[in-house]
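In the working numbering, the protein residues as written are 7 to 411.
Where is the CB? At the ideal position from N, CA and C, for every residue including glycine.
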Amino acid sequence: MTTDTHPIVLDDDLWERVVEISGGIASACYQCGACTAACPWGQVLGEPLSVRKMVRRAQLGLEDGATDIWLCTSCNQCLSLCPRGVDIPALFRSLRNEAWRKNLVPVGLSSVLWDLEWGGNPWGQPPSERAAWARDLDLPDYTPEHELLLYIGCSSAHDPRLQRVARAVVAVLRAADVSFGVIEDEPCCGEAALGLGNEQYLAEIVERNERQLAEAGVTDLVAISPHCFDMFASHHSAEAVGTGFRVRHYTQLLAELIENGRLALGQSPAAVTYQDPCFLGRGHGVYAAPRQVLTAIGGLELREMAENREQGLCCGGGGGRMWMETPVEQRFAVTRAADAQATGAGVLATACPACLSCLEDGLKVVGATDIRVMDIAEIVEAALAPAAQSDHEHAQMLAAEAASA
Ligand code: SF4
Ligand code: SF4
């Protein structure tokens, strides 16, 4: 924790670099403290994390060797309440960038980026295994004739639990007759480099990705992970990839498919609560689409947690925190698991690999046996059971009839 007993060192170079890297975003802060009150770390540390003070120090170029900058999960809770619109997560990433420059990075984070560089993923998995999860699925290589590129992402490609989510997405897209392709040597989106604040390495990754996507002629990318979605939507240049390049999260695509009659869902009675992934909700304002998809399932009852949408608690897995150790009593997901359990729902739905992993861990910690975590894709796939599939075929038939009328 930061304390005021640290010697204060005025560092003009730091001030200049932070201003340069962050675009001077801290300068608008007028020290109201709303960010400190909003930050979820206050719920698990026993005292507030003084985000306001950290912003002040960055404003003034005060160096105190604080390690608190590595706590930030980029949940955007502070940004959503800041009356001056200070992009605090971006500011902390700038400070982390400084830490890389000074080699003051927590143990283990360098190897995450080396894994990314040498293996193409931050999980230390062999690149030759990236497409192994889908060997029996016969997924086509993307060509510009496809409707869209399905971007799988490192977590869904390499983690056995998350591979099930990717398979569910594929099953649902096939049920809706979506023409899609994948890139077999899919590049990492670079989210780890962003979250850990290594701006220089991030720039290299982004440039490589933009070139690869442009060469492949990708104009429509649908990502399984909100983190990948955010990377391609906000940290890659649409102009660099190609005219008309657009990016969606898969729940947005499913909501569109349902709305235009291409995806019909059957019955799947269940009480479900929903965790808004930060990078989808507060990050991009995508609150409605996941709920539209869930409530399109017959018999599904959506029970909101007390804090939802803009107020939803982060799972704790963003901002590079997946690669940092968090003591059990400080894991946001444990609090969130208890919130979900309090709804009485039997399913805790989410639409993010990080949320899914953290929340499954959180439910184990609270010892919940009456509720399980599922990705929305898995819930939708279950609603494509034989009865639902005949509904789907029926809807397709009606659509075909309407088209020929
Ligand atoms: S909420 Fe915004 S203006 Fe208020 S202290 Fe935090 S950064 Fe500054
Ligand atoms: S982004 Fe979230 S974790 Fe980071 S400082 Fe803001 S509220 Fe705290």
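Unbroken beta strand (DSSP E) run spanning residue i, endpoints
i           : result
residue 157 : 154 to 157
residue 278 : 273 to 280
residue 306 : 304 to 308
residue 344 : Segment 338 to 348 is the alpha helix (DSSP H) holding residue 344; no beta strand (DSSP E) there.
residue 354 : 353 to 356
residue 229 : 226 to 229
residue 378 : 378 to 381
Contact check, residue i vs residue j, beta carbons under 8 Å
i           : j           : result
residue 352 : residue 376 : yes
residue 62  : residue 37  : yes
residue 310 : residue 279 : yes
residue 358 : residue 283 : yes
residue 248 : residue 273 : no
residue 102 : residue 35  : no
residue 139 : residue 172 : yes
residue 188 : residue 158 : yes
residue 389 : residue 264 : no
residue 287 : residue 318 : yes
residue 132 : residue 118 : no
residue 307 : residue 277 : yes
residue 67  : residue 20  : yes
residue 43  : residue 88  : no
residue 201 : residue 80  : yes
residue 320 : residue 46  : yes
residue 114 : residue 121 : no
residue 33  : residue 65  : yes
residue 386 : residue 178 : yes
Assumed close pair residue i, residue j - CB separation to whole angstroms, cut-off 8 Å
i           : j           : result
residue 152 : residue 186 : 6 Å
residue 104 : residue 170 : Actually they do not touch by this definition, with Cβ atoms about 40 Å apart.
residue 261 : residue 295 : 4 Å
residue 155 : residue 176 : Actually they are not in contact, since the Cβ atoms of residue 155 and residue 176 sit about 13 Å apart, beyond 8 Å.
residue 253 : residue 235 : 6 Å
residue 324 : residue 339 : About 12 Å; that fails the 8 Å criterion.
residue 31  : residue 111 : Not confirmed; about 22 Å, so no contact.
residue 135 : residue 164 : 7 Å
Range of the contiguous alpha helix (DSSP H) that encloses residue i
i           : result
residue 253 : Taken as a continuous stretch (DSSP letters only), residue 253 belongs to no alpha helix (DSSP H), being part of the beta strand (DSSP E) at 252 to 255.
residue 60  : 57 to 66
residue 236 : 232 to 240
residue 18  : 18 to 28
residue 315 : No alpha helix (DSSP H) contains residue 315, which DSSP labels as neither H nor E.
residue 83  : 83 to 87
residue 416 : One cannot answer for residue 416 here, as it falls past the ends of the chain, which runs 7 to 411.
residue 36  : Where residue 36 is concerned, there is no enclosing alpha helix (DSSP H), given that its DSSP letter is neither H nor E.
residue 115 : 115 to 125
residue 218 : 205 to 222
residue 298 : 294 to 301
residue 270 : Where residue 270 is concerned, there is no enclosing alpha helix (DSSP H), given that its DSSP letter is neither H nor E.
residue 364 : 359 to 372
residue 169 : 166 to 181
residue 245 : 244 to 247
residue 51  : 47 to 51
residue 42  : 40 to 44
residue 200 : 197 to 201
Below-8 Å beta-carbon distance, residue i vs any chain D residue
i           : result
residue 132 : This model lacks chain D altogether, as it is built from one protein chain only.
Notebook entry, point to check: What residues sit near ligand 2, counting only those whose C-beta is closer than 7 Å to one of its heavy atoms, in chain order?
Noted result: 41, 44, 45, 46, 47, 55, 57, 77, 78, 79, 80, 81, 82, 83, 84, 85, 94, 95, 98, 320, 325
Check: If you pair each beta-carbon of the stretch 331 to 346 with each one of the stretch 357 to 371, do three or more pairs fall below 8 Å?
Finding: yes
Margin query: Closer than 8 Å is the cut-off here; do at least three beta carbon pairs connect the stretch 237 to 244 with the stretch 188 to 202?
Written below: yes
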